[in-house]
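Here the protein sequences come in this chain order: W and F. Going by the numbering used here, the first residue of the first sequence is number 1, and it counts up by one from there. Going by the numbering used here, the first residue of the second sequence is number 1, and it counts up by one from there. In this text, a Cβ means the ideal position worked out from N, Cα and C, and glycines have one as well.
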Amino acid sequence: EAGVAQSPRYKIIEKRQSVAFWCNPISGHATLYWYQQILGQGPKLLIQFQNNGVVDDSQLPKDRFSAERLKGVDSTLKIQPAKLEDSAVYLCASSFSLMQQFFGPGTRLTVL
Amino acid sequence: GIQVEQSPPDLILQEGANSTLRCNFSDSVNNLQWFHQNPWGQLINLFYIPSGTKQNGRLSATTVATERYSLLYISSSQTTDSGVYFCAVSGGGADGLTFGKGTHLIIQP
Chain W
1 EAGVAQSPRY
11 KIIEKRQSVA
21 FWCNPISGHA
31 TLYWYQQILG
41 QGPKLLIQFQ
51 NNGVVDDSQL
61 PKDRFSAERL
71 KGVDSTLKIQ
81 PAKLEDSAVY
91 LCASSFSLMQ
101 QFFGPGTRLT
111 VL
Chain F
1 GIQVEQSPPD
11 LILQEGANST
21 LRCNFSDSVN
31 NLQWFHQNPW
41 GQLINLFYIP
51 SGTKQNGRLS
61 ATTVATERYS
71 LLYISSSQTT
81 DSGVYFCAVS
91 GGGADGLTFG
101 KGTHLIIQP
């Protein structure tokens with residue numbers, strides 16, 4: 001069984017530019033999560049989807065971050081415009097029936 | 001929201017030693033997972049254990065939900081066990097995981 005796929009693995013941009021990350025969850029997993037992990041800290045939840053609906057986006061900085069999951073499978077997370085403090089690893093996770101979550105390899109973003 | 005505290009923050013051991021990592025949480029949970037984050041940043045699932053005891057090879061975990069803590073045991077440590085170990089929980093109607101700050105484990109040969 002294939003795991004959670006993410007791309008790109010690394011991205012370097014300058015502040016005020018835009019960037020997008022892609023996630024393909026494990027087949028059959030209805031729930032998809034995006035987390036942000038700043039160096040030296042544990043991951044922090046940004047947004048949770050159940051199929052293609054948003055369940056929890058209370059910690060998503062909505063003035064610059066957006067996410068979508070149009071067909072209930074793949075998801076895209078966008079940052080526009082990026083700030084220096086957005087430098088982090090962005091992790092996508094998926095789960096079946098709101099139980100054990102499985103994480104992808106992450107996208108490491110550096111904002112200069 | 002739920003608070004998660006992990007201890008110790010850092011642990012340095014010799015190969016072959018045993019260790020116990022602790023996770024305390026502030027409220028009732030319906031999900032508790034232990035992860036190992038390897039040097040490449042990949043979060044590897046170790047246990048899904050909201051209650052009870054599980055074992056997988058040299059690793060075992062126990063969660064005492066009524067007392068709001070979980071323990072991860074690593075026996076006969078190997079250098080490949082090095083990395084950061086995270087405890088993560090969810091509860092109170094939320095499904096997204098709240099992570100602790102992790103325990104940074106270094107196993108020396």
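Under a Cβ-count criterion, where at least 16 other Cβ atoms within 10 Å of its own Cβ denotes burial, should residue i be classed as buried or exposed?
i	result
residue 4 of chain W	buried
residue 103 of chain F	buried
residue 107 of chain F	buried
residue 2 of chain W	exposed
residue 54 of chain W	exposed
residue 14 of chain F	exposed
residue 43 of chain W	buried
residue 51 of chain W	exposed
residue 84 of chain W	exposed
Look at residue i and residue j and say whether their C-beta atoms are less than 8 Å apart.
i	j	result
residue 38 of chain F	residue 100 of chain F	no
residue 46 of chain W	residue 60 of chain W	yes
residue 88 of chain W	residue 36 of chain W	yes
residue 49 of chain F	residue 35 of chain F	no
residue 113 of chain F	residue 69 of chain F	The first residue shown for chain F is 1 and the last is 109, placing residue 113 of chain F beyond what the model contains.
residue 111 of chain W	residue 86 of chain W	yes
residue 91 of chain W	residue 102 of chain W	no
May I have the straight-line CA-CA distance separating residue i from residue j, to the nearest angstrom?
i	j	result
residue 54 of chain F	residue 77 of chain F	18 Å
residue 11 of chain F	residue 96 of chain F	28 Å
residue 94 of chain F	residue 14 of chain W	35 Å
residue 59 of chain F	residue 79 of chain W	39 Å
residue 52 of chain F	residue 40 of chain W	30 Å
residue 82 of chain W	residue 75 of chain F	44 Å
residue 17 of chain F	residue 72 of chain F	14 Å
residue 62 of chain F	residue 87 of chain F	12 Å
residue 100 of chain W	residue 64 of chain W	30 Å
residue 29 of chain F	residue 22 of chain F	16 Å
residue 109 of chain F	residue 40 of chain F	20 Å
residue 12 of chain W	residue 38 of chain W	15 Å
residue 68 of chain W	residue 56 of chain W	13 Å
residue 10 of chain W	residue 106 of chain W	9 Å
residue 26 of chain F	residue 98 of chain W	21 Å
residue 42 of chain F	residue 72 of chain W	24 Å
Q.
If contact is defined by three or more beta carbon pairs under 8 Å, each pair taking one atom from either stretch, is the stretch 1 to 10 of chain F in contact with the stretch 9 to 25 of chain W?
A. no
Q) What are the uninterrupted segments assigned as beta strand (DSSP E) that are 3 or more residues long and contained completely in the stretch 37 to 86 of chain F, given in chain order? A) 43 to 48, 52 to 56, 59 to 64 and 69 to 74
Q.
So within the stretch 5 to 38 of chain W, which uninterrupted beta strand (DSSP E) runs reach at least 3 residues, ignoring any that extend past its ends?
A. 5 to 7, 10 to 13, 19 to 24 and 31 to 37
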